[in-house]
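First comes the structure, then the notes that go with it.
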Amino acid sequence: MEDENNVIVIDNGSSTIRAGFAGDDCPRSVFPTVVGVPKTLIKMIGCGTRESYVGEEAISRMSVLHITHPIHDGKVVNYDDLRSIWHHTFYNELRVNPEERSVILTEDFELSYKVREQMSQYVFEEFEVPSLLFGRPSVMAMFASGRPSGIVVMSGESTFRVEPIYEGFTMKRCGLRTSVAGNSISETMKKLLSRRTYTFKTTEDMEVLNDIQNKFCYCALNYEEEEKKNLSEIEKEYELPDYSVIKIGKERFEATEAIFRPADFGIESMPMQKYIVDAINKCDIYSRRDFNSNIIVAGGNTMYPGFAERLENEVKALSPQNSRVRVVAPEERIYSAWIGGSIVGSLSSSENMFVTKEEYNECGPQIVNMKSQS
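The structure is reproduced here in structure tokens:
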């Protein structure tokens, strides 16, 4: 685009929104993908009589709000709430007038034409943006890695996706997806801690559980060896909001095993590594070697210490003996989709990829599918 700062990039995650300006190294704003509506019509002290709260504002008032998640399992389930989140993003987080900014939105792995058209209607008709581009998170993550080809493994809160990309184009027929992701680790952690009478039921409790995971969980490189360690070597203390203290021991690495050995935890799914190997084997035999050596991981669920090393070992164990398996884990991979969008939005060559307001007015919502680059 002519002026990269005129392009806004919004990565719409099930748990987190990441927003900022093309050309920047990282998003300006990161906040929870939640909307809260007051449980009663009674005016909340210090809060006025607002109809809804978004992001951190909603989280901080969750005891008096009904909390909803407009994106679930990677799919939009409430467009009105998503509109509230975008409004909050433009006017409160980035403090810009969307009528003066082009927008890049990340879209879901299996986003239907109808859903893409509906999203474009909100963006063009309600926010009056001058131009819009939908970006596949996996393609954006590939841009962020600086590689033209590879297998992108994206694991967030509610979805895990594997997608081969060759020279910037997705090989959709080879892509795979499952809902065994961050939520699976959360549910496993909840079950493990319940054995010691710790319970997590409310929305507030789940926020605490997520905090415990983010601070203490890791992936064991050798599960059997980790199990043999003395509890004193791995045990950590966590202070709850009521100032009581709980101890987190082997749960720190047992919970993350759910993605590598789901059947052992009562989860009906293949292991993460099996999805990756199956996706590679669906590709033509001549490209498999390149894909094996370029497994690019992205998303918040890949940030656990030891994740990349463990995944590489697991994929090697399922691959032909002489395969050169390499997992690439960029430090900033939690923002990979957003960073890729930032790069695309800053390229002058990307201007023709955007759908303009004039094109939308002339052709209708279907133009976003006709011009889609994914």
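Residue 216 in this note's numbering sits at position 228 of the sequence shown, with consecutive numbering throughout. By construction, the Cβ of each residue, glycine as well, lies at the ideal position given by its N, Cα and C atoms.
key: Alpha-carbon spacing of Tyr263 relative to Ser167, whole angstroms   = By 1-based counting over the sequence shown, the position of residue 263 is 275. By 1-based counting over the sequence shown, the position of residue 167 is 179. Approximately 12 Å between the Cα atoms of the pair.
Contacts around Val316, its chain only, beta-carbon distance under 6 Å, and the 5 residues preceding and following it disregarded = By 1-based counting over the sequence shown, the position of residue 316 is 328. Taken in chain order, the residues that qualify are Ile284.
Those runs of the alpha helix (DSSP H) which lie wholly inside the stretch 321 to 362 and span at least 4 residues = For the alpha helix (DSSP H) assignment, the uninterrupted runs of no fewer than 4 residues enclosed by the stretch 321 to 362 are, from N- to C-terminal side, 324 to 334, 345 to 351, 355 to 358.
C-beta atoms of Gly138 and Met128 nearer than 8 Å = Taking the first residue of the sequence shown as position 1, residue 138 is located at position 150. Taking the first residue of the sequence shown as position 1, residue 128 is located at position 140. Not closer than 8 Å, so no.
key: Beta-carbon contacts of Ile247 that lie in its chain and below 8 Å, excluding the five residues immediately before and after   = Your numbering for residue 247 matches position 259 in the sequence shown. Here the set comprises Ser143, Phe148, Val168, Ala169, Ser172, Ile173, Pro259, Met260, Asn289.
request  = Taking the CB atoms as reference points, tell me whether Glu151 and Ser119 lie closer together than 8 Å.
outcome  = Within the sequence shown, numbered from 1, the residue matching residue 151 stands at position 163. Within the sequence shown, numbered from 1, the residue matching residue 119 stands at position 131. Not a contact, by the Cβ cut-off of 8 Å.
inquiry  = According to DSSP, simplified to helix, strand and coil, what is Glu215?
reply    = Mapped onto the sequence shown, residue 215 falls at position 227. It is helical.
message = Can you list, in chain order, the residues of its chain with a C-beta nearer than 7 Å to that of Cys271? Leave out the 5 residues immediately preceding and following it.
response = Residue numbering aside, residue 271 sits at position 283 when the sequence shown is read from its first letter. Excluding sequence neighbours, Cys271 sits near Pro152, Met159, Cys162, Phe279.
task = May I ask you to list the residues that DSSP assigns as paired with Gly138?
result = Residue mapping note: residue 138 aligns to position 150 of the sequence shown, counting from 1. Note: Gly138 sits in a beta bridge opposite Ile153.
inquiry  = Counting C-beta neighbours from all protein chains within 10 Å, is the total for Glu44 16 or more, i.e. buried, or is it exposed?
reply    = What you label residue 44 is simply residue 56 of the sequence shown in a count that begins at 1. Burial call: exposed.
key: Run of the alpha helix (DSSP H) containing Asp68, from where it starts to where it stops   = Your numbering for residue 68 matches position 80 in the sequence shown. Taken as a continuous stretch (DSSP letters only), the alpha helix (DSSP H) holding Asp68 covers 67 to 76.
query = Are Ile363 and Lys238 touching if we call contact CB-CB under 8 Å?
reply = Because the chain is modelled from -11 through 362, residue 363 falls outside the range shown and cannot be assessed.
key: Inter-residue Cα distance where the pair is Leu93 and Ser307   = For the purposes of this step, residue 93 is taken as the residue at position 105 of the sequence shown. For the purposes of this step, residue 307 is taken as the residue at position 319 of the sequence shown. Computed Cα separation, rounded: 36 Å.
task = Identify every residue that forms a DSSP beta bridge with Lys160.
result = As a first step, residue 160 must be located in the sequence shown, where it is residue number 172. Its beta-bridge partners do not exist; DSSP assigns none.
ask   = Among residues of its own chain, excluding the 5 on either side of Phe241, which ones have a beta-carbon nearer than 6 Å to its beta-carbon?
value = In the sequence shown, the residue the question calls residue 241 occupies position 253. Same-chain partners within the cutoff: Tyr206, Ala208, Glu214.
ask   = What's the call for Glu145, buried or exposed, on a 16-neighbour Cβ count within 10 Å?
value = To locate residue 145, count along the sequence shown from 1; it is residue 157. Buried, because 16 or more other Cβ atoms sit within 10 Å of the Cβ of Glu145.
ask   = Thinking just about the alpha-carbon of each residue, which of Met107, Ser182, Ser100 is nearest to the one in Trp74?
value = Sequence index remark: in the sequence shown, residue 74 carries index 86 (1-based). Of the candidates Met107, Ser182, Ser100, the one whose C-alpha sits nearest the C-alpha of Trp74 is Met107.
query = How about Ala243 and Gln309: do their beta carbons lie closer than 8 Å?
reply = The residue given as residue 243 occupies position 255 in the sequence shown. The residue given as residue 309 occupies position 321 in the sequence shown. With respect to the 8 Å criterion, Ala243 and Gln309 are not classified as neighbours on the basis of their beta carbons.
ask   = Per DSSP, what kind of secondary structure is Leu181 in: helix, strand or coil?
value = On the sequence shown, position 193 is the one that residue 181 refers to. Reduced to three states, the DSSP call for Leu181 is helix.
message = Could you compute how far the alpha carbon of Glu(-10) sits from the alpha carbon of Arg71?
response = As a position in the sequence shown, residue -10 is number 2, starting the count at 1. As a position in the sequence shown, residue 71 is number 83, starting the count at 1. Residue placement at Glu(-10) is poorly supported in this model, since its pLDDT is 44, which falls under 50; the coordinates still yield a value, given next. One Cα belongs to Glu(-10), the other to Arg71, and the distance between them is close to 28 Å.
request  = Taking all protein chains shown into account, decide if Met358 is buried (16 or more other Cβ within 10 angstroms of its Cβ) or exposed.
outcome  = Locating residue 358 in the sequence shown gives position 370, counting from the first residue. Met358 comes out exposed.
query = Where Asn85 and Ile268 are concerned, what is the direct C-alpha to C-alpha distance, given to the nearest angstrom?
reply = The residue you call residue 85 lines up with position 97 of the sequence shown. The residue you call residue 268 lines up with position 280 of the sequence shown. Distance from the CA of Asn85 to the CA of Ile268, rounded to the nearest whole angstrom, comes to 44 Å.
ask   = Is Gly156 buried or exposed, if buried means 16 or more other CB atoms sit within 10 Å of its CB?
value = Within the sequence shown, residue 156 is the residue found at index 168, counting from 1. Gly156 should be labelled exposed.
query = Closest to Val141 by CA distance: which of Gly329, Lys63, Ser336, Val303 is it?
reply = Within the sequence shown, residue 141 is the residue found at index 153, counting from 1. Closest option to Val141, Cα to Cα, is Val303.
ask   = Between Glu39, Tyr226, Lys27, Tyr186, which lies nearest to Val52 when the distance is taken from Cα to Cα?
value = Residue numbering aside, residue 52 sits at position 64 when the sequence shown is read from its first letter. Of the candidates Glu39, Tyr226, Lys27, Tyr186, the one whose C-alpha sits nearest the C-alpha of Val52 is Lys27.
task = Using the Cα positions of Tyr67 and Glu87, report the straight-line distance between them to the nearest angstrom.
result = Position 79 of the sequence shown holds residue 67. Position 99 of the sequence shown holds residue 87. Near 20 Å, if we compare the C-alpha coordinates of Glu87 and Tyr67.
inquiry  = Short of 8 Å in beta carbon distance, which residues of its chain neighbour Val196, apart from the five on each side in sequence? Order them along the chain.
reply    = The residue you call residue 196 lines up with position 208 of the sequence shown. Here the set comprises Phe188, Leu228, Pro229.
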